[in-house]
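One point on numbering: in the UniProt record's numbering, the residue at position 156 of the sequence shown is 156, and numbering is uninterrupted.
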Amino acid sequence: MSFPMITKTAKYVPVDDVSNKELSQIMETTDEWIMSRTGISNRHIAFNETTSDLASTVAQQLVSGIDCQTIDFIIVATMTPDFATPSTACLVQNKIGAANAFAFDINAACSGFVYALNTAEKFLSSGRYQRGIVIGAETMSNVINWHDRSTAVLFGDGAGGVLIENTSEEQRFLAEIIQSDGSRSYSLQARQQKKHHPFKESEETVGEFLEMDGKKIFDFVLRDVSKQVSNILEETNVHTIDIDYVLAHQANERILDMLSKKTNISREKFLSNVREYGNTSAASIPILLSDMIDKGTLVLNSQQLVVMTGFGGGLTWSSLLIKL
Numbered sequence: 001m002s003f004p005m006i007t008k009t010a011k012y013v014p015v016d017d018v019s020n021k022e023l024s025q026i027m028e029t030t031d032e033w034i035m036s037r038t039g040i041s042n043r044h045i046a047f048n049e050t051t052s053d054l055a056s057t058v059a060q061q062l063v064s065g066i067d068c069q070t071i072d073f074i075i076v077a078t079m080t081p082d083f084a085t086p087s088t089a090c091l092v093q094n095k096i097g098a099a100n101a102f103a104f105d106i107n108a109a110c111s112g113f114v115y116a117l118n119t120a121e122k123f124l125s126s127g128r129y130q131r132g133i134v135i136g137a138e139t140m141s142n143v144i145n146w147h148d149r150s151t152a153v154l155f156g157d158g159a160g161g162v163l164i165e166n167t168s169e170e171q172r173f174l175a176e177i178i179q180s181d182g183s184r185s186y187s188l189q190a191r192q193q194k195k196h197h198p199f200k201e202s203e204e205t206v207g208e209f210l211e212m213d214g215k216k217i218f219d220f221v222l223r224d225v226s227k228q229v230s231n232i233l234e235e236t237n238v239h240t241i242d243i244d245y246v247l248a249h250q251a252n253e254r255i256l257d258m259l260s261k262k263t264n265i266s267r268e269k270f271l272s273n274v275r276e277y278g279n280t281s282a283a284s285i286p287i288l289l290s291d292m293i294d295k296g297t298l299v300l301n302s303q304q305l306v307v308m309t310g311f312g313g314g315l316t317w318s319s320l321l322i323k324l
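Written out as structure tokens, the structure reads:
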């Protein structure tokens with residue numbers, strides 16, 4: 001019997017980037033102000049690329065050297081799709097020529113990649129499918145008010161993904177916890193459509209940009225996300241000292257610091273690249289995973305024990321305990 005495992009990773013970020021200094025030219029802020037509060041110094045922006053473009057570039061890397069027709073499914077986690085329909089995943093399927101794959105999107109905001117990876121693992125564990133692609137891709141620059149420093153300094157664009165296959169001789173996806181709380185949905189919202197009906201005389205205008213209550217999101221991570229990480233370890237009888245690394249959503253450095261303290265997991269085990277990329281929502285964890293594999297910090301087909309934890313709009317939060 002074979003089990004699902006991650007066999008390949010990839011990432012892509014747009015060539016163009018925006019530094020804190022450049023942001024200070026269009027809004028009242030400074031590099032020092034941004035760095036002291038977020039640990040972010042740079043972010044990449046897709047001026048001429050769509051979310052499906054970013055995701056397709058990652059997918060092309062993942063299928064390099066293999067027959068695209070052997071891909072069973074493509075799942076794209078995104079809150080910034082090209083269209084309401086068709087899904088970004090269907091656009092990716094066409095762009096890479098994976099004609100036999102079924103494709104769909106998952107929108108769980110910054111939790112999206114962990115939601116999608118868990119879904120993929122379940123497809124493969126059914127025994128019906130053998131190989132799939134999971135991607136997190138975002139063009140957050142399209143939903144940001146670039147004059148609102150409370151959000152504009154945080155976000156960036158990018159994509160990351162994994163090839164996941166039934167090739168392991170041992171169980172590697174050890175546990176998962178997935179949670180949602182729609183009663184707090186107002187804490188983080190991004191609306192892009194205007195309401196217009198021919199049977200109403202007036203057009204109702206809604207907010208076009210991402211809106212976030214930073215304090216409520218911070219409190220949510222402080223209480224709920226940290227508890228979920230602790231619970232997944234408790235349920236599997238894994239001690240914090242046994243965890244090799246934590247791949248947490250790259251919201252900002254302060255949140256990573258706080259998660260480390262609340263979970264009693266050494267800060268050195270919380271891997272980070274938020275300084276270079278900012279918060280890329282559903283793309284942050286797969287970009288981080290690919291970065292750390294490229295650097296040799298993480299090794300596929302090893303015995304490294306890793307916690308993935310994503311959290312964001314919905315509210316949604318999800319954690320996976322996996323053996324790479």
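Think of the CB as a built atom: it goes at the ideal place given N, C-alpha and C, for glycine as much as any other residue.
Along the length of the stretch 227-303, whole alpha helix (DSSP H) runs at least 4 residues long occupy 253-263, 274-277 and 284-295, reported in chain order. Residue range D157 to S168 is occupied by the beta strand (DSSP E) that includes L163, with no alpha helix (DSSP H) assigned at that position. Spanning the alpha carbons of L188 and G313 requires a straight line of approximately 5 angstroms.
Taking C-beta atoms under 8 angstroms as the contact rule, I96 and A77 fail to qualify, at a distance of about 17 angstroms. Per DSSP, reduced to three states, the secondary structure at A59 is helical.
G112 carries a helical assignment under DSSP once its states are collapsed to helix, strand and coil. Counting the other Cβ atoms within 10 Å of the Cβ of H239 gives fewer than 16, which makes it exposed. A check of alpha carbon separations from I164 across D148, T151, I133 and R184 identifies I133 as the nearest. Collapsing the DSSP output to three states places F102 in a strand. Secondary structure of T88 (DSSP, three-state): helix. When DSSP reads this structure, N42 sits in a beta bridge with S19. Looking at D242, F270, N100 and V114, the one whose alpha-carbon comes closest to that of D72 is N100.
In this structure, the beta-carbon distance from A89 to A103 falls below 9 angstroms. Judged by pairs of C-beta atoms under 8 angstroms, the stretch 60-67 does not touch the stretch 168-179, as fewer than three such pairs exist. Here G161 is near K11, since their CB atoms are less than 9 angstroms apart. DSSP places F220 inside the alpha helix (DSSP H), whose first and last residues are G214 to F220.
In its chain, beyond the 5 residues on either side, T80, A190, Q192, F209 and L210 have a beta carbon closer than 7 angstroms to the beta carbon of V143. In this structure, the CA atom of A282 is about 15 angstroms from the CA atom of R43. Distances from the alpha-carbon of A109 to those of I322, K323, L324 and T309 put T309 closest. Around the beta-carbon of Y277, 16 or more other beta-carbon atoms lie within 10 Å, marking it buried.
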